[in-house]
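Enquirer:
Now the structure itself:
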């Protein structure tokens with residue numbers, strides 16, 4: 687089993703850490719997708735004022 691640690695800077699300056707454990711590449715892909723969904727949800731919830739901004 688492998689472990690991966692992702693860290694992301696939040697807009698308020700704090701750091702978010704996500705640790706995932708995986709036994710194979712499929713687990714890694716599924717876990718990364720889960721982390722990305724969490725980040726997307728966090729972005730939507732905390733950046734409502736930027737929703738009309740689309741670079």
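Residue numbers (our numbering): 687 to 741.
Each residue gets a CB set at the ideal place from its N, CA and C atoms; glycine is no exception.
Source: prediction; values computed, not measured.
Mapping the DSSP letters down to three states, classify residue 705 as helix, strand or coil.
Expert: Residue state, collapsed to three classes: strand.
Enquirer: In three-state terms, what does DSSP make of residue 693?
Expert: Here residue 693 sits in strand by DSSP.
Enquirer: Between which two residues does the alpha helix (DSSP H) harbouring residue 710 extend?
Expert: Residue 710 -> no alpha helix (DSSP H), and no H or E assigned at all.
Enquirer: Between residue 726 and residue 705, how many whole angstroms is the CB-CB distance? I'm expecting something under 8 Å.
Expert: Going by Cβ atoms, the distance from residue 726 to residue 705 rounds to 19 Å, so no, they are not a contact pair.
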